[in-house]
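Participant: The listed protein sequences derive, respectively, from chains U and X. Quick note, in my numbering, the first sequence goes up one by one and the last residue is 168. Quick note, in my numbering, the second sequence goes up one by one and the last residue is 293.
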Amino acid sequence: MTKTKHLVEYGMLAAVAMVLSYLETLIPAFFAVPGMKLGLTNLVVLTALYRMGARPAIAINFVRIILTSMLFGTAVSLWYSLAGGLLSGAVMIALKQTGKFQPLTVSIAGGVAHNVGQIAVAMLLMQTTAIAWYLLALWVSGIAAGAVIGLLGSWLIDRLPKTEGGMA
Amino acid sequence: MKLKKQDTFFICGLLAGSLLFGSALALGRTDGETVVVRVSGEMVAEFSQNRDTVYRIEGVNGEINVLTIQDGEVWLEDANCPDQLCVHQGHIRHAGESIICLPHEVVIAIEGNTEVRSTLDIVAS
Numbered sequence: 001m002t003k004t005k006h007l008v009e010y011g012m013l014a015a016v017a018m019v020l021s022y023l024e025t026l027i028p029a030f031f032a033v034p035g036m037k038l039g040l041t042n043l044v045v046l047t048a049l050y051r052m053g054a055r056p057a058i059a060i061n062f063v064r065i066i067l068t069s070m071l072f073g074t075a076v077s078l079w080y081s082l083a084g085g086l087l088s089g090a091v092m093i094a095l096k097q098t099g100k101f102q103p104l105t106v107s108i109a110g111g112v113a114h115n116v117g118q119i120a121v122a123m124l125l126m127q128t129t130a131i132a133w134y135l136l137a138l139w140v141s142g143i144a145a146g147a148v149i150g151l152l153g154s155w156l157i158d159r160l161p162k163t164e165g166g167m168a
Numbered sequence: 169m170k171l172k173k174q175d176t177f178f179i180c181g182l183l184a185g186s187l188l189f190g191s192a193l194a195l196g197r198t199d200g201e202t203v204v205v206r207v208s209g210e211m212v213a214e215f216s217q218n219r220d221t222v223y224r225i226e227g228v229n230g231e232i233n234v235l236t237i238q239d240g241e242v243w244l245e246d247a248n249c250p251d252q253l254c255v256h257q258g259h260i261r262h263a264g265e266s267i268i269c270l271p272h273e274v275v276i277a278i279e280g281n282t283e284v285r286s287t288l289d290i291v292a293s
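1) Quick check on the DSSP output: the beta strand (DSSP E) that includes C269 of chain X runs from which residue to which?
2) Can you pull the chain X residues whose beta carbon is under 7 Å from the beta carbon of V140 of chain U, in chain order?
3) For V222 of chain X, is the classification buried or exposed, using 16 other Cβ atoms within 10 angstroms of its Cβ as the cut-off for buried?
4) Have a look at K173 of chain X and M92 of chain U and give me their C-alpha separation to the nearest angstrom.
5) Compute the distance between the beta-carbons of I143 of chain U and S186 of chain X, then report whether it is under 9 Å.
6) How long is the line joining the alpha carbons of L46 of chain U and G258 of chain X, rounded to whole angstroms?
7) Please state the DSSP three-state secondary structure of M211 of chain X.
8) If we ignore side chains and look at the alpha-carbon of each, how far apart do L171 of chain X and V140 of chain U end up?
9) Taking 9 Å as the threshold (beta carbon to beta carbon), is F101 of chain U in contact with chain X?
10) Is the beta carbon of T147 of chain U sitting closer than 9 Å to the one on I108 of chain U?
11) Measuring only the C-alpha atoms, how far is V242 of chain X from V274 of chain X?
12) With which residues is A277 of chain X paired in a DSSP beta bridge?
13) Counting contacts by CB-CB distance shorter than 9 Å, is T47 of chain U in contact with chain X?
14) Is it the case that the Cβ atoms of E279 of chain X and V204 of chain X are separated by a distance below 9 Å?
15) With a threshold of 9 Å between beta carbons, is T68 of chain U in contact with chain X?
16) Looking at the strands, I want to know which residues DSSP matches up with D246 of chain X.
17) Would Q174 of chain X pass as an interface residue toward chain U - the criterion being a Cβ-Cβ separation below 9 Å?
18) On the three-state DSSP scale, how would you describe D199 of chain X?
19) State buried or exposed for V228 of chain X, treating a residue as buried only when at least 16 other CB atoms are found within 10 Å of its CB.
20) Compute the distance between the beta-carbons of H272 of chain X and I237 of chain X, then report whether it is under 9 Å.
21) Ignoring anything shorter than 3 residues or poking outside the stretch 59–110 of chain U, list the beta strand (DSSP E) runs there in chain order.
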């Protein structure tokens, strides 16, 4: 893989992740609990993590978060996204690195970590501990969303043609 | 894809964690006494939960949320935020429950007796 090919690949995946982020905002699926969502973007991060490695996965996720927040978000939503995205990325990489877990489990842990990160930032920003109930709801929804993404991701990881150094 | 033993353990652990957490929250739940309104972490108003009230909360940048307290139930009747998530959060009545409007940085929390509140404040600060 040349540098250019890498660049193209990162750019394409970041673009796919951004489109998925945007698509997700169009689905007002869960009114009951703010912040509850499927995390379609994590499909890209999970796949990148398994096919390309930890560093590309972090890089793509980071670029996606910054760009989506600039385009569709606010200064506040950037912090929520960063906390969720980086914590879930770190947890997924750590679990994958142990070599003991399937992508499904890694994805579920990532989903939960994402929501825990967002709640932690909310507690810090708003100086309140009164949101423990949301943590419970988001913990459970994180498991469910992580499972869906994990199943899709496992399927994708298995079926993408294996090429040297990347997935394109 | 085949799940290994450690995968099952891990996922069951996460599920068990949510159950434990949920039951701890449910057991510790009591009727509240005071409705506290905070904007950006600063307390701006405080109401008795037993007195019916309608109050216009001024959030950040002068944005508006309308708080209603009726028969011990607390909810946001209206808000001018784009997502309306706070309005959709519905009614709350127990100590420790809250309604949050992220864009306006408004937090409505029901608190129990003063003892509980002082402990919460220590944790929060």
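Beta carbons are placed, not taken as given, at the ideal position from N, Cα and C, and that holds for glycine.
Facilitator: So, from the data block:
1) 266–269
2) Those are S186, listed as they occur along chain X.
3) exposed
4) 18 Å
5) yes
6) 35 Å
7) In the three-state reduction of the DSSP assignment, M211 of chain X falls in the strand class.
8) The straight-line gap from Cα to Cα measures roughly 20 Å.
9) yes
10) Reading the sequence as shown, one finds Ala at residue 147 of chain U and not Thr. Yes, Cβ-Cβ distance for A147 of chain U and I108 of chain U is below 9 Å.
11) Distance between the alpha carbons of V242 of chain X and V274 of chain X: 14 Å.
12) Looking at the DSSP output, A277 of chain X sits in a beta bridge with X:V204, X:S266.
13) no
14) yes
15) With 9 Å as the cut-off, T68 of chain U does not count as an interface residue toward chain X.
16) X:V234
17) yes
18) Here DSSP, grouped into helix, strand and coil, assigns D199 of chain X to strand.
19) exposed
20) I237 of chain X sits away from H272 of chain X, with the two beta carbons spaced by 9 Å or more.
21) none
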